[in-house]
Structures are given as C-alpha cells and as structure tokens.
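Chemist:
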Amino acid sequence: MKSQKPFHLLSVLLALSMILAACGTGTKSTSGSTDTPSGKAKVVLFVGMSTGTTPEQTAAEEELAAKFNAAHPNIEMSFVFVPYEEAKQRFLTMLASGDPPQLACPVGNEGISANFDTWADITPFIEADNYDLSDFPSSLVDLQRYSGKLFGLPLGVFPSMIFYNKDIFDAAGIAYPTTDFNDKTWTMDKLREIAMQLTLDKNGKNATDPAFNPGQDGENVVQWGYDDSYDGSDLNGTLTMWDAENKGRPTTADYKTAVVNSPEWTYGFTWLSNGVWKDQFMAPLAVTQARDSAGTLPFTDGKTAMFYGHTWWSAEALPDLNIPYGVAPLPYNNKGTRIERIDADTCAMPAAAKNQEQAWEVVKWLLEPDQLIDYVKIMGYVPARISLQERYKTEVIAVDYPALDTGVLFGAMNYPDVPNHESWVPEYSQIRSILASTYESLYAGTNKDDPKALLDSTNAEVQAVLDQYWATHK
Amino acid sequence: MQSHRKSSSSLSRREALSAYTYIGPWIVGFILITLGPMVASLYFSFTDYNIVSPATWVGLGNYRHLFSDPLFWKSLGVTLKFGALSLPLQIIFGFTLAILLNQNIPGVNIFRTIFYIPATISGVAIALVWGLILNPERGLLNPVLSLFGINGPAWLQNPDTALYGLVIISLWGVGGGVIIYLAGLQGVPTELYEAAKVDGANIWQQFMNVTLPMVTPVLFYNLVLGLINTFQYFTEVFILTRGGPARATLVYNLYLYQNAFSYNHMGYASALAWVLFVITLVLTVLVFRSSATWVYYEGQLKGR
C-alpha cells in the first residue's frame, strides 16, 4: 500500500492556505495606499460612474495623468477604470473596505445622488484657496449643492436639444424647426402637430389621416414623428420640461412629500401617453426596445423625424451619422416656459478618502482651461467654463460637428432644470426604479386610457418609500 | 480478541482521520464560502445595513416590512406563475424528448449530443441569443409564425406576453434533464416490457404501466431540482427584461438583487433571501412528502 502521507499533507496545506487567505488582509490595492513607494501622495481617480472608459478615452486620460505627474513631483495621479454597469458596486465595495479612491471623476448627477452620503463638502477647499467660481454658470454649480454643501464643480455638461432629420422635413414640405429661442410659436403643441404629419404607416398615410394604421405595436409604421425615449427609463427627465414647481425632482423641497402627480407632470404624462397611443406619433415600447436591443441608436436609422436628446447621445451618434440633420431648441411648454434637461459631470471626493488636499490639487488642475479643453474633448462634454466656449467652438464643434448650431447648443444651457431630474431624493435608486417602471408602463400601454391613474398610483408608491425613509431618518 | 478489537478501533480512527483530512479543504471552503455568508446574511436580515455604514439592529423590522411590501407579493406571484408554466412544460418536453431519443434509430447519439449542447451554454449567452430571436422587429420567431398566419406579439416588450417569452426560453435548456430521463429510461428492465407484451399490453399500456412507474424516481429528482431552480431564476430576466415591462417579469430573485445591489438595502435583501429559503424548503418538503404516493422505487416494499 502506498503511503498516504503526501496526500494528507497536501490536504492540510490546502485547508490551511484557505483559512489564511480568508483571515489575511490580502494585498492592499493600489487605490487605497496613500503614498507611492517613492513618497508621492497618490490620487486615484475612479472612472466609471459616467463616461470615460472606452479604450480611446482611457488612453487619453492616461496621457493627461502623465502630464499632471510630470508637473507635480509630490503627487501621483492614476486611475481605476470600471465599466459603468459595475461601477456603483465596485465603488461601494472600495468604500466599505476602507479603501476609497481619492476622487470619483468623472461622476454625473446620478452617481452623486445614488451614493449621496459618501461625498465630502469641497466648500472649505474653495474658501481656503479663494477659488474663483465666476467663470462657471451659477445654475451649473448649484447642481451639486445640497443644504449648503457643495459636492463638486462642473467639468462639463450635456445640454439637450431637438435633433431633426432634414430629409424627412424636405420630403413632407414642412419648414425646419426654428433655432430662435425667442420664437414663441415653437411650442410642444406645434411639435405634436408636425410630428403627426411626419409619422407614416407603410401605406404612406400620416398620423392625421383617419386611414392611418400603425398596427397593434407600431409594426406598420415606417417613419416616426418624434422620439424622447433614449433616456431609457427616465420619467422625471422626460417630465421636467413641463415646469412643475420642483422641476425634475419628484418630491417637495423638504423631500417629504411626493409630487409625481403634480398638475404639470400629469399634463406632460398625458401628453406623452397620447403621443404614443392616441396621436401615435411616438413609438411604443415594442419598437423602441426592439431598436435598442439590436444596438441601434435612436434617430440614426433615418426613420425618426425629431429626436430629443442630450449631447452625450450626439457624441456617440453624430460622428457616424449619414443623415443631414439640424438642431432646434426644446419648444415652449403649455405654460409658455422652457425647461431643458441637462446632465453635468463633476469630480467628487469621497469623505473617507485620504490625501484630500492633493485630490483638490488634481481637481483644480483639471479645471484649468488648458486641461479642461482636453478633458471635454475626451469626454464629449460641452465645457462648463464660460470662457472656454469660443475655444470649444473652433477646436471641437468646427472640427467634429460642423453641422451643429452652436447657438442652439449653448443656448440650451440657459434653461437648465434645477432641481435637476437626477438630483438627490431619499432612497434615490429605489424611487428612480419606481419612476422607471411607470415610464415603461406608459410606453407599454398598460394605462393608455387613464394615464393619470398610473401617475397617481406611482405617487402613492413613492410616498410610501418616503414615509418609510422619514420614519427612521428624523 | 481484545487486541484485535483495539487494532480494529485504531484502524477506524485512522480511516476517519484520513477521511476528514481529505475532505478538510471542502469543509473549510464550505464554512468560509457558504455557511459563513449564510450566517452573516441571517444576522443582516435583522439589521438595517447599506454596506457603507455599520449595520443597526432592527429586530423583525425587515420581516414585518416584507409582508406589507406589495412588490414582495408581486415578485412572489410572478415567480410562482413562471414556475407553474415553465416547470411542467420542462418536465413534459424533456421527458418526451428523452423517449424519442431512447429509440433505436440511426444517428441517435448525434441527436442526443445536439439536444444536450444547449444545456452546456451559459445563461447569459442563451439570454442574448433569445433576445434576438424574440425581437419583434428583427427576430426569427415572428417571421416563422407569420408563415402560419400568426401575428407574433412583441414577446418581451409586451407586459401580457413577456413572461411567456421567458417560459419559451426556459425550454431551451431541457437537454440537461433529458440526459437524466434517458438514463432512467435505459434502466427499465426489458423483461418487464416482455412480460407486459405477454400479458397483451399495447404500447400505451406499456408506457403507463411499465415505463412511467419505473422512471418516477427520475421524474421526482428533476421535479425537485426544477422547483429549486424556479426560485433561483434570475439570469435571463436580468439580461433581457430587468423585471419589466411594467414589472410583468419581476421575479423574486431579481427583486432581491435590486434591493441588495441597486438600493443598498442589504438587510432587507437578506430577509428576502431567508424567506425564499423557507419557501423553497417548504415546497421541497411537500414534494418529498407527496413522493410516497407516486414515486416507485424498484425493490421497495409497499408501505415502507
């Protein structure tokens, strides 16, 4: 009989190594150590809670870091790149393990709100340096201001506008939408009227024709008049344009009362529902999800006359777009006001992060015009600094998007939704999920005969979440 | 004699020591990777815990909230409906396929391989492929249905049909069960069929009185596994529908996942996990209890 000792030993070693591996602290990841072996203070930027993770972007960010590191002998700037879908969990795991990055950069409003309790107030740094904020529109700075605390300064923004297909307008003999922000005839009713004329079924009938036959799930429609679906499931982003008292926020200012069924949102929600199911100039869920799941960006297939989207859509879609397009401001709503949703990115500092002073140095450096212009090129932003707009026109728009009307682009920044549709509310992710489900239900037609009832039940659901939150958070 | 006993006892101890040494790594792994997290989740289920802040004790608060949470009931209902549709179909479809693959026809091994292959593919890949197949605008299924004059629905985009779309997808993986059914069918003694033939039984009678009773242990095994899998159903719905549209596919595990990893309600998610465990356990025990009335084990004495 062969000796079993080697096998016994192997088993014991295996078991011991597992125990040691479980009990040990493991190798400390580079992100959490505060200093490099050469004594430099580390500033790790967590990239993944907005844009910035494509191979082209990461390479350009590394170049930027090399430039910073060459100019700052005592600080080493580096990155942790995480895919967007995994970013939140990875970030929380790093926080929970006591190993947070020094900055989340870039991070959008959504990322700030979803991890609300984790950020440091940068006001003391701004005050200590007497940092000049006059070059940033105050409405954009205020996007990250909560109860006197400021969680970040805007690096760049993604304004929104109407993109339209010139060929479709030309074929129908309809004048292009205006680029004049003061044109009071450019209203959501006017958009609806045009969109119905431009929606065609396979028999060539438009949505104003009694013989128009879109089919059960829009399968007979070959051309849609209007699309506002690319934000996917963003109900408050879609309804912010109707200018409710709290704009894009689904609660009152004290965050205790749900206002999802405010008169303005109810009007807008009904307008949308009718647009999909009665006036039928907007595609239902079957069409938009089929398109999205096939990997096609909206508007790019040439089957949509008008599309309301952010410039992060245009950064993805316009470089390869083979359709003659134009842009227009979002029309005035039924109250005669204009509210354009806006997304903005910042660099935020986890409150538990070490090397905060060095992290602030990195933020300031990135916000310097010479770096910021490079950074917005990498990320596809419009720069938040007013003084950079001219350089952006000549160095980015004229080169990459010559057909884009810069008047419309920059004009859109004058009508931001504040409170923003991605601004914090209690139980942010849960409430966003409830709203997303309602948005999907609208497009799926579950309450097409009584959209208000759907909004009322959503309001009750959000209120229940708020009540439960405030029961434990006095 | 005493010396023999001593030596036998010493041998037993040595054998036991050897056995425990060999399974030591598994025991350590089980304790650290399975049992430890289970105990931790039981503790967290009595706390308010969001990963970042320390857990605070809330007693039975999470369990009380659970029973008043409409989405808990909604997700449980969706899961039960999915299981009620999917599980019988998987068993019937898999068993029928196994019977066909048990026939003595040329190339049967190739067919067996072909039908088993889908069971080896990851759920993510299956979900992505079926998402394309069921796509109402560009998919394969609806054009095929239209050949028969059927206007196929927007399967996964319509709240009325989304769950049925997932049931169709669930049938794709029956190959794993087919192999087990096939093993059971091939284990039925041929002399039983010969005796049945002598008694004048036709094919249907042979199936009902010989085949079916003899494979009931295998059916029972697949039923229990299928039941457990139903309550663990997640990947396809996570990839394809995320619980929508209009929460029509919000299965229990997805709701649990959302609470844990989207809303950071780790305590509540742990309570959901333990309730899921209890539900699965109760249903499995019921199936085990029922097996006395319909599962036949060869050589088993009636009443035992």
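Keeping their order, the protein sequence lines are chains F and X. When we follow this note's numbering, the leftmost residue of the first sequence carries the number 269, and every step to the right adds one. When we follow this note's numbering, the leftmost residue of the second sequence carries the number -9, and every step to the right adds one. Think of the CB as a built atom: it goes at the ideal place given N, C-alpha and C, for glycine as much as any other residue.
How about the region 251 to 264 of chain X and the region 34 to 41 of chain X: do they share at least three Cβ pairs that are nearer than 8 Å?
Modeler: In short, these stretches touch, since the Cβ pair count reaches three.
Chemist: Starting from D611 of chain F and walking both ways along the beta strand (DSSP E), at which residues does that stretch end?
Modeler: Run containing D611 of chain F: 611 to 616, per the beta strand (DSSP E) assignment.
Chemist: I'd like the list of long-range same chain contacts for N254 of chain X, defined as Cβ closer than 8 Å, with 5 residues on each side in sequence excluded.
Modeler: Cβ neighbours of N254 of chain X beyond the five flanking positions: N40, I41, V42.
Chemist: Count the other CB atoms, across all protein chains shown, that sit within 10 Å of the CB of Y649 of chain F; report buried if there are 16 or more and exposed otherwise.
Modeler: buried
Chemist: Under a three-way DSSP split, which group does P143 of chain X fall into?
Modeler: coil
Chemist: Around the C-beta of A526 of chain F, are 16 or more other C-beta atoms found within 10 angstroms, so that it is buried, or is it exposed?
Modeler: buried
Chemist: As a quick exercise: from X:G257, X:T270, X:L215, pick the residue whose alpha carbon is nearest that of Y242 of chain X.
Modeler: X:T270
Chemist: What is the C-beta distance between D495 of chain F and A551 of chain F, in whole angstroms, given that I count them as a contact (C-beta under 8 Å)?
Modeler: 7 Å
Chemist: Are any of the Cβ atoms in chain X nearer than 8 Å to that of L282 of chain F?
Modeler: yes
Chemist: For Q195 of chain X, go through chain F and note every residue whose CB falls closer than 8 Å to its CB, in chain order.
Modeler: By Cβ distance, chain F contributes nothing, its closest Cβ being about 47 Å from Q195 of chain X, past 8 Å.
Chemist: Taking a cut of 8 Å between CB atoms, which residues from the region 16 to 46 of chain X lie near chain F?
Modeler: I17, V18, G19, L22, D38, I41, V42, S43
Chemist: Taking buried to mean at least 16 other C-beta atoms within 10 Å of its own C-beta, is D438 of chain F buried or exposed?
Modeler: Residue environment: D438 of chain F is assigned as exposed (fewer than 16 neighbouring CB atoms within 10 Å of its CB, all protein chains considered).
Chemist: Restricting to Cα atoms, I'd like to know which of F:M429, F:P445, F:N682 is closest to I436 of chain F.
Modeler: F:P445
Chemist: Output, in sequence order along the chain, the residues in the region 240 to 259 of chain X whose CB is closer than 9 Å to any CB in chain F.
Modeler: L240, Q248, N249, F251, S252, Y253, N254, H255
Chemist: Any beta carbon of chain X sitting closer than 8 Å to that of A712 of chain F?
Modeler: yes
Chemist: Assign A339 of chain F to one of two classes, buried (16 or more other C-beta atoms within 10 Å of its C-beta) or exposed (fewer than that).
Modeler: By the neighbour-count rule (16 or more Cβ atoms within 10 Å), A339 of chain F is not buried but exposed.
Chemist: Need the endpoints of the alpha helix (DSSP H) that P207 of chain X sits in, please.
Modeler: 202 to 221
Chemist: If you reduce the DSSP assignment to three classes, tell me which class S365 of chain F lands in.
Modeler: coil
Chemist: Let's test the definition: count the other Cβ atoms within 10 Å of the Cβ of I343 of chain F and tell me whether it reaches 16, buried, or not, exposed.
Modeler: buried
Chemist: Does the beta carbon of P133 of chain X come closer than 8 Å to any beta carbon on chain F?
Modeler: no
Chemist: With 16 as the cutoff for other CB atoms within 10 Å, does N715 of chain F come out buried or exposed?
Modeler: buried
Chemist: According to DSSP, is D451 of chain F part of a helix, a strand, or is it coil?
Modeler: coil
Chemist: So for A309 of chain F, helix, strand or coil by DSSP?
Modeler: strand
Chemist: When the Cα of G360 of chain X is compared with those of X:Y53, X:E5, X:E288, which residue comes out closest?
Modeler: What the structure shows of chain X is the stretch from -9 to 294, and residue 360 of chain X is not part of that stretch, so it cannot be assessed.
Chemist: Please classify W580 of chain F: is it buried, with 16 or more other beta-carbons within 10 angstroms of its beta-carbon, or exposed?
Modeler: buried
Chemist: Would you say Y53 of chain X reaches chain F, if we count a Cβ-Cβ gap shorter than 8 Å as a contact?
Modeler: By the rule that beta-carbons nearer than 8 Å mark a contact, Y53 of chain X does not touch chain F.
Chemist: Inspect the beta-carbon positions of P422 of chain F and F537 of chain F and report whether they are closer than 8 Å.
Modeler: no
Chemist: Count the other C-beta atoms from every protein chain shown that fall within 10 angstroms of the C-beta of Q370 of chain F, then say buried if there are 16 or more, exposed otherwise.
Modeler: buried
Chemist: Quick check on A236 of chain X - is its C-beta less than 8 Å from some C-beta in chain F?
Modeler: yes
Chemist: Do we get a CB-CB distance below 8 Å when we pair S8 of chain X with the residues of chain F?
Modeler: At least one chain F Cβ lies under 8 Å of S8 of chain X.
Chemist: Look at L56 of chain X and V265 of chain X and say whether their C-beta atoms are less than 8 Å apart.
Modeler: Against a cut-off of 8 Å, the Cβ pair of V265 of chain X and L56 of chain X comes out as a contact.
Chemist: How would you write the range of the beta strand (DSSP E) that S428 of chain F sits in, first residue to last?
Modeler: 428 to 433
Chemist: Cβ atoms of G155 of chain X and I107 of chain X: under 8 Å apart, would you say?
Modeler: no
Chemist: Is the CB-CB distance between M429 of chain F and A680 of chain F below 8 Å?
Modeler: yes
Chemist: By Cβ distance below 7 Å, which residues in the same chain neighbour A463 of chain F in space, the five residues on each side in sequence not counted?
Modeler: G493, Y494, F549, A573, M574
Chemist: Can you list, in chain order, the residues of the region 606 to 619 of chain F whose Cβ is nearer than 8 Å to any Cβ on chain X?
Modeler: none
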